[in-house]
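*Asks:*
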Amino acid sequence: METSTLLSGQTGNAPVINSGVLLNHWQAHRRLTRRTIEAFPEVGLFSFTLGGMRTFAAMVKELIVIAGPGVKGAATNEWNALEDHQAQQGTKEELLKRWDDITEQVNFYWPQIDAARFQETVVAFGQYEAPLYETILYFIDNEIHHRGQGFVYLRALGIEPPAFWDRS
């Protein structure tokens, strides 16, 4: 009977994953994105584009201003506008340093997010209304999307991107 109940979409209240597993999943993606940044030559990181898209550095700066302030907002419910968090890194080394700083910020604020909070509706950055878990999933999906664009850029530059499945 339980199998037919599950197949009909009645899954009960058991969570699929907990917040620690979600954080580990995201941080694995962040490690792969960091390796993608590292794979770029300095000039290509800040200047190469295809098809009218932004440079990979510009995409990474977007990920930076979303991740750290986003998790802080999730924990504290203090959401500043995205424009208040503009990233100004001008070199690959500075960009990687800021990436690492944001990783530490995510690790600091994440444990402060109460489990029930993930079901609450938030207005992220004062403009994106959704349950917190959807907002966090958007942060992760957006990173994967931009990393994919970075992979295309690397291939266009004749550089093999990191293995997409290796998130160690």
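In the numbering used here, the protein residues as written are 8 to 175. Just so you know, even glycine gets a beta-carbon here, dropped at the ideal spot from N, CA and C.
Where does residue 130 sit, in a helix, a strand or coil, going by DSSP?
*Replies:* In the structure shown, residue 130 sits in a strand (DSSP, three-state: E or B).
*Asks:* Rounded to the nearest angstrom, what separates residue 93 and residue 23 at their Cα positions?
*Replies:* Approximately 35 Å between the Cα atoms of the pair.
*Asks:* Given residue 102, which residues of its chain have a CB within under 7 Å of its CB, disregarding the five upstream and five downstream residues?
*Replies:* Around residue 102: 44, 64, 67, 96.
*Asks:* Please report the Cβ distance between residue 99 and residue 47, rounded to the nearest whole angstrom; I am assuming they are in contact, meaning their Cβ atoms lie under 8 Å.
*Replies:* That belief holds up - the Cβ atoms of residue 99 and residue 47 are roughly 7 Å apart, short of 8 Å.
*Asks:* Just the Cα atoms here: how many angstroms apart are residue 121 and residue 172?
*Replies:* The alpha-carbon atoms of residue 121 and residue 172 are separated by roughly 30 Å.
*Asks:* Report the option in 25, 134, 26 whose CA atom is closest to the CA atom of residue 87.
*Replies:* The candidate whose alpha carbon is nearest that of residue 87 is 134.
*Asks:* Hey, residue 106 and residue 78: beta-carbon distance below 8 Å or not?
*Replies:* No, the pair does not count as a contact, with Cβ atoms beyond the cut-off.
*Asks:* Might you give, ordered along the chain, the residues of its own chain that have their beta carbon closer than 7 Å to the beta carbon of residue 162, omitting 5 neighbours on each side?
*Replies:* 168.
*Asks:* Pull up the DSSP beta-bridge partners for residue 138, would you.
*Replies:* The partner list for residue 138 (beta bridge, DSSP) reads 128.
*Asks:* Kindly indicate which three-state DSSP category residue 10 falls into: helix, strand or coil?
*Replies:* For residue 10, the predicted structure reports a pLDDT of 43, less than 50, and the residue's modelled location is therefore unreliable. The matter cannot be settled from this model.
*Asks:* Among residues of its own chain, excluding the 5 on either side of residue 147, which ones have a beta-carbon nearer than 7 Å to its beta-carbon?
*Replies:* 33, 36, listed in sequence order.
*Asks:* If you compare alpha carbons, which of 115, 123, 73 is closest to residue 145?
*Replies:* Looking at the Cα atoms, 73 is the closest of the given residues.
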